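What follows is a set of notes on a single structure, which appears directly below.
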Amino acid sequence: MASSTKDTELCSFDVPETARHPSGPTIYKIVLQVTPKELTENSYQLVYWKRYNDIRKLYDALHRYHQAIYRPGKFPDFPEKSRFIERFDAAIVEERRIATKNFLNYALQHLYLRTHDAYLNFFQKGEKVLLPDVETATLQPEIVNTQPQTSTDIIPNPINESVIESKQDELLFTNDEKEQIEHVANTCAQILEDLNDLQFDQQEQINKEREEFDLIQEEVNEVADLLSLPLATTTNNNNLS
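In UniProt numbering, the protein residues as written are 1 to 241.
Here is the structure:
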């Protein structure tokens, strides 16, 4: 479902959280909050999970278009591309999250941006979540326990031995060992992300070449049909003679 807005709706973007995709890359949860002006309709959300690379491509496309048509106003800034080993740094992920939210709300406010093909293609296959009506709960009187609490009423929490054992296991690793393990895990995740991007780009190239081949095949068929027509006419004339 594309993110198309109407004049009868109030809309805004939020990027409330991020997550790690099983294949490695960080994905960003993009939520479009839609509130109809008519009180008879319920509000709803459109939810999308997007990779940073896809968000960056959308930003570059709309930024170039903004500059090409000489629109007034300053286009929102976006974080510079980070080094490979910094992709999963918490501060960088948070900076990208905030920048994505600001950029999408800017695009939403400008008709020439939110009707651009790159924008419309980006917001496909969103999950629509209907929001329930807000009802005011009836206030209930607070029940106050006037009975004094005796010592028998106090039940101490039992000590969870499994928690203690897990804490002791954590102490078996030094800080340096933990950093090395985390570094190896991040490196493996980064390699998987690059392989995933490469596979995605290769699939797009294959689809494009397949479309070009189909077009050439159609042209060849048309030429073959045109060439066979005079040949059939000549054969018929020879048979008549």
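Ideal placement from N, C-alpha and C gives every residue a C-beta, glycine not left out.
The structure displayed is predicted, hence computed values, not measured ones.
Proximity test, Cβ basis, 7 Å: residue i and chain B
i, result
"phenylalanine 122", "You won't find chain B in this structure, because it holds only one protein chain."
Beta-carbon proximity of residue i to residue j, cut-off 7 Å
i, j, result
"proline 79", "arginine 96", "yes"
"isoleucine 30", "lysine 57", "no"
"glycine 126", "tyrosine 48", "yes"
"asparagine 42", "leucine 130", "yes"
Residues near residue i by beta carbon distance below 8 Å, same chain, minus five either side
i, result
"isoleucine 92", "Pro79, Ser82 and Glu86"
"phenylalanine 13", "Ile30, Val31, Leu32, Gln33, Lys101, Leu104, Asn105 and Leu108"
"proline 141", "Unreliable positioning characterises proline 141 in this predicted model, as indicated by a pLDDT of 47, which lies under 50. The coordinate reading is nonetheless provided below. Answer for proline 141: no residue qualifies."
"aspartate 77", "Ala99"
"glycine 73", "none"
Cβ separation of residue i and residue j, assumed to be a contact under 8 Å, to the nearest whole Å
i, j, result
"alanine 61", "alanine 118", "4 Å"
"phenylalanine 88", "threonine 26", "7 Å"
Neighbourhood of residue i by C-beta distance below 6 Å, restricted to the same chain and skipping five residues each side
i, result
"asparagine 186", "Phe88"
"arginine 114", "Ala107 and Leu108"
"histidine 66", "Phe75"
"threonine 35", "Leu10 and Ser43"
"histidine 110", "none"
Exposure label - residue i; buried when at least 16 CB within 10 Å
i, result
"glycine 24", "buried"
"isoleucine 55", "buried"
"tyrosine 70", "exposed"
"glutamate 212", "exposed"
"tyrosine 59", "buried"
"glutamate 193", "buried"
Neighbourhood of residue i by C-beta distance below 7 Å, restricted to the same chain and skipping five residues each side
i, result
"proline 16", "Lys29 and Val31"
"arginine 20", "Thr26"
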